[in-house]
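Novice: Sharing a structure here in structure tokens format.
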Amino acid sequence: MFGLMHAKASDLQVEVTDTNGQKLADAVVYLEGQKLNQSAGSGLIQISQKGKKFHPLVTVVQKGTNVNFPNKDSVRHHVYSFSPTKKFELKLYSGVPATPVLFDKPGTAVLGCNIHDTMLAYVHVVDSSYFEKTDTLGIANLQAVPDGDYQLKVWHYALKKENEIYTQTISLPESRKLMIKLDINPSLLVGQP
């Protein structure tokens, strides 16, 4: 049809390692740019508690997403965050809280439990519809991204500079496979079950 243009899209693969080349799981990879949908998230995400741990350790959500915190332990938990991104408390409870928590501001919320000090998790909230978390091989795949210029952003909970976000300007389809090295504090890495 005359005048009808189809936007081209590309897949983007990002491999994230530390400065020694060790692959990093749980790095949050996302894109920001004018061509991206920045509407509010939808649906309901779950971060459960089992074995006195949060599962998963790192969760990435789009701004405007509700998160539920089901307690699958036989003991009660008191989940909280005092982070500027989202301050909330779910006082001692078992089962599933009646109301999910709305994450409506970009940034990182660090989660804890007032009863079990070793419990720790992270919710990284992004203002983008193109985001992914790296797998155990340090790979994140963003699919069908409209071709154009973007800011690639990468965050990891164990960065030496707390709350730092790695940023790089990229252009698609030229930059379809990238390797990113982050300066990590190894003592902050949490082993996964």
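End of the sequence shown sits at 297 in this note's numbering; the numbers just go up one at a time, nothing left out.
For glycine and all other residues, C-beta sits at the position ideal for the given N, C-alpha and C.
The structure displayed is predicted, hence computed values, not measured ones.
1) Do you know whose CA, among 182, 256, 292, 294, lies nearest residue 133's CA?
2) Under the rule that 16 or more other beta-carbon atoms within 10 Å means buried, what is residue 216, buried or exposed?
3) Residues in the same chain with beta-carbon distance under 6 Å from residue 206, minus the five sequence neighbours each way, listed in chain order, please.
4) How about residue 262 and residue 293: do their beta carbons lie closer than 7 Å?
5) Measuring straight from C-alpha to C-alpha, what distance separates residue 199 and residue 174?
6) Does the Cβ of residue 130 have 16 or more other Cβ atoms within 10 Å, making it buried, or fewer, making it exposed?
7) Could you pull out every residue in the same chain whose Cβ sits closer than 8 Å to the Cβ of residue 286, ignoring the five residues on either side in sequence?
8) So, do the stretch 146–164 and the stretch 272–280 have three or more beta carbon pairs nearer to each other than 8 Å?
9) To the nearest angstrom, report how far apart residue 172 and residue 191 are at their CA atoms.
10) Using CA coordinates, which residue listed in 244, 182, 195, 283 is at the minimum distance from residue 221?
11) Can you give the beta carbon distance from residue 232 to residue 136, rounded, assuming they're within the 8 Å contact cut?
12) In this structure, how does DSSP classify residue 290 when only helix, strand and coil are distinguished?
Specialist: Per the coordinate set shown:
1) 256
2) buried
3) Scanning its chain for C-beta atoms nearer than 6 Å, with the 5 sequence neighbours on each side dropped, one finds around residue 206 the residues 170, in chain order.
4) Yes, they are a contact pair.
5) 6 Å
6) By the beta-carbon neighbour count (other beta carbons within 10 angstroms, threshold 16), residue 130 is buried.
7) 120, 121, 122, 123, 128, 131, 258, 260, 263, 270
8) Because the criterion of three Cβ pairs below 8 Å is not met, the stretch 146–164 and the stretch 272–280 do not touch.
9) 15 Å
10) 182
11) 5 Å
12) helix
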